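Novice: Pasting in a structure now, in structure tokens, and then I'll have a few things to ask.
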Amino acid sequence: MTANGWFQILFFLALILAVTKPMGIFMAHVFSRQRTFMDPVLRPIERLLYRVTGVDEDHEMRWTEHAIAMLLFSAVSMLLLYLIQRLQGFLPFNPQKLGTVNPPHLAFNTAASFTTNTNWQNYAGETTMSYFTQMAGLAYHNFVSAAVGIALAIAFIRGIARRQTETIGNFWVDMVRSCLWVLLPFCVVGALLLVSQGVVQNLRPYDTVKLVEPQQVQKVGSDGKPVTGPDGKPMMDTVTEQRIAQGPVASQEIIKEWGTNGGGFFNANSAHPFENPTPLSNLIELFSIFAVSAGLTYTLGRMTGSQAHGWAVWATMAILFLAGVTVAYWAEARGNSLLAGVDQHVSAVQPGGNMEGKEVRFGIANTALWATVTTDASCGA
């Protein structure tokens, strides 16, 4: 462990502390329907959405009506994502000509996962999902599943705060305001920041490039098993080219973090250099994972009239975070005696063989920090 490593961890925590109050006040204003600086732009869009869908924004719901609305919306959204995957081969923005997502239970698994903000992935995004599926299916669910979660959190807060009413707000209003005020504007800015750091954002087909040095790899059959010759020895292929996957990554990357979703555009998720290329992009993404959750603790205190309650929740979360990152950083930085024979240089920031399979670009402190943050927020990015 190093002083520089601890400085980075504590700087991140200070950044989250600094944003907690302004983010919390902003969300309290949004969900109390008080005026915000975004209203001149977003309020007309909100009213248009209600007119088109027939939502009465002044109608308050009991918990049963609120729950039914949430379940119906989630069920329809899940069905649409399943259909997008099953019809992928017939839909646009598919330059790699990827076919239907098969088997059917993989499409169902993915739809259920993204609808519930679980974002468990049993596929490699760059070889399974078209750009249309990624944008209209998965990125859409990154927004609405996060919005549903925020809407439920706000309903829970109202349930604590209100004493003389049986209603907890309007699910449709809270979800729309979550998307328009809390998620979309920050993600537009965040995506542009990520693009400035080198995160890809395009609709081009994958590029094929020549390798500097051809590589010998063992042949693999259609069943996924290694192929051997008559003599029992493995059959080898010479690889001279590499396919470089790309696509609309930045727009999905930022909501993946801001909404604590976690489902990556690429199989390697945020360890992929096209998702997270620089130390600054790494900090932006780490900040995005905790920002809304930290702010909601202040929103809790603001809307219940007990700010100490909100700070108590924040402090509890901070203690758990610090305990986790301390243990992770200590364990990762001290190395592993079983890897003492690995031919890798040992230093304070790269503890030899213990870095095998780890993020070597940002060092062990940021590796431990990322693992702790994404686990604490149930993000998994």
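Counting from 1 along the sequence shown, just add 27 to a position and that's the residue number in this note's numbering.
The beta-carbon is built from N, C-alpha and C at its ideal position, and this holds for glycine as well.
Predicted model only: the values in this text are computed from it and were never measured.
(1) Measuring straight from C-alpha to C-alpha, what distance separates SER320 and LYS246?
(2) Which runs of the beta strand (DSSP E) spanning at least 3 residues fall entirely within the stretch 207 to 289, listed in chain order?
(3) Can you give me the Cβ contacts of VAL402 inside the same chain, cut-off strictly under 8 Å, excluding the 5 residues immediately before and after it?
(4) Taking the alpha-carbon positions, what's the MET54 to MET330 distance?
(5) Can you check which of these residues, TYR150, LEU108, GLN115 and PHE213, is closest to PHE314 by C-alpha distance?
(6) Quick check on TYR278: buried or exposed, where buried means 16 or more other Cβ atoms within 10 Å of its Cβ?
(7) Could you please give the first and the last residue of the uninterrupted alpha helix (DSSP H) stretch that includes TRP199?
(8) How long is the line joining the alpha carbons of PRO300 and PHE117, rounded to whole angstroms?
(9) Expressed to the nearest angstrom, what Euclidean distance is found between the alpha-carbon atoms of ARG231 and HIS336?
(10) Here's a check: name, in chain order, each residue in its chain whose Cβ is nearer than 6 Å to the Cβ of ARG74, leaving out the five neighbours to either side.
(11) Does the separation of the CB atoms of LEU310 and ILE36 fall below 8 Å?
(12) Is it right to say HIS93 is buried, meaning 16 or more other beta carbons lie within 10 angstroms of its own, or is it exposed?
(13) Below 6 Å CB to CB, which residues in the same chain sit around GLN191 once its five sequence neighbours on both sides are set aside?
(14) Once the 5 residues before and after GLU87 are set aside, which same chain residues still bring their CB inside 7 Å of it?
(15) Between GLN242, LEU133, GLY328 and VAL226, which has its C-alpha nearest VAL266's C-alpha?
(16) Can you tell me where the alpha helix (DSSP H) with TRP357 in it begins and where it stops?
(17) Report yes or no: do the stretch 60 to 78 and the stretch 136 to 152 share at least 3 C-beta pairs separated by less than 8 Å?
(18) Can you tell me whether THR194 is helix, strand or coil according to DSSP?
(19) Ends of the alpha helix (DSSP H) at THR402?
(20) Based on Cα-Cα distance, which residue from TYR167, ARG204 and VAL128 lies nearest to GLN61?
(21) Check ARG62 in the structure and name its three-state DSSP category.
(22) Rounded C-beta distance between PHE170 and LEU210? I'm assuming under 8 Å.
Specialist: With the structure as the only source:
(1) Position 293 of the sequence shown, counting from 1, holds the residue named residue 320. Position 219 of the sequence shown, counting from 1, holds the residue named residue 246. Taking the straight line joining both Cα atoms gives about 47 Å.
(2) 234 to 245 and 263 to 271
(3) Residue 402 sits at position 375 when you count from the first residue of the sequence shown. It should be pointed out that residue 402 corresponds to Thr in this sequence rather than to Val. Only GLY351 meet the Cβ criterion.
(4) Taking the sequence shown and counting its residues from 1, one reaches residue 54 at position 27. Taking the sequence shown and counting its residues from 1, one reaches residue 330 at position 303. Cα to Cα, the separation comes out at about 10 Å.
(5) Here residue 314 refers to the residue found at position 287 when the sequence shown is read from its first residue. Nearest option by C-alpha distance: PHE213.
(6) One-based indexing of the sequence shown puts residue 278 at position 251. The displayed chain sequence assigns Ser, not Tyr, to residue 278. Flag for SER278 reads buried.
(7) As a position in the sequence shown, residue 199 is number 172, starting the count at 1. Where TRP199 is concerned, the enclosing alpha helix (DSSP H) stretches over 198 to 204.
(8) What you label residue 300 is simply residue 273 of the sequence shown in a count that begins at 1. What you label residue 117 is simply residue 90 of the sequence shown in a count that begins at 1. Those two C-alpha atoms are separated by around 30 Å.
(9) Stepping through the sequence shown from its first residue, residue 231 is reached at position 204. Stepping through the sequence shown from its first residue, residue 336 is reached at position 309. The alpha-carbon atoms of ARG231 and HIS336 are separated by roughly 50 Å.
(10) Position 47 of the sequence shown, counted from the first residue, corresponds to residue 74. Closer than 6 Å at Cβ, skipping near neighbours: no residue.
(11) Along the sequence shown, one-based indexing puts residue 310 at 283. Along the sequence shown, one-based indexing puts residue 36 at 9. Cβ distance not < 8 Å, so LEU310 and ILE36 don't count as in contact.
(12) As a first step, residue 93 must be located in the sequence shown, where it is residue number 66. With 16 or more Cβ atoms within 10 Å of its Cβ, HIS93 is classed as buried.
(13) Translated into positions along the sequence shown, residue 191 becomes position 164. No residues qualify anywhere along the chain.
(14) For the purposes of this step, residue 87 is taken as residue 60 along the sequence shown, with counting starting at 1. Only THR194, GLY196 and ASN197 meet the Cβ criterion.
(15) One-based indexing of the sequence shown puts residue 266 at position 239. Looking at the Cα atoms, GLN242 is the closest of the given residues.
(16) Within the sequence shown, numbered from 1, the residue matching residue 357 stands at position 330. Run containing TRP357: 334 to 360, per the alpha helix (DSSP H) assignment.
(17) no
(18) If you number the sequence shown from 1, residue 194 lands on position 167. DSSP places THR194 in strand when its eight states are reduced to three.
(19) Counting from 1 along the sequence shown, the entry for residue 402 is found at position 375. Here the alpha helix (DSSP H) through THR402 covers 390 to 403.
(20) What you label residue 61 is simply residue 34 of the sequence shown in a count that begins at 1. When each option's Cα is compared against that of GLN61, the closest is ARG204.
(21) Indexing the sequence shown from 1 puts residue 62 at position 35. Of the three classes helix, strand and coil, the one that applies to ARG62 here is coil, per DSSP.
(22) Numbered from its first residue, the sequence shown carries residue 170 at position 143. Numbered from its first residue, the sequence shown carries residue 210 at position 183. About 6 Å; that satisfies the 8 Å criterion.
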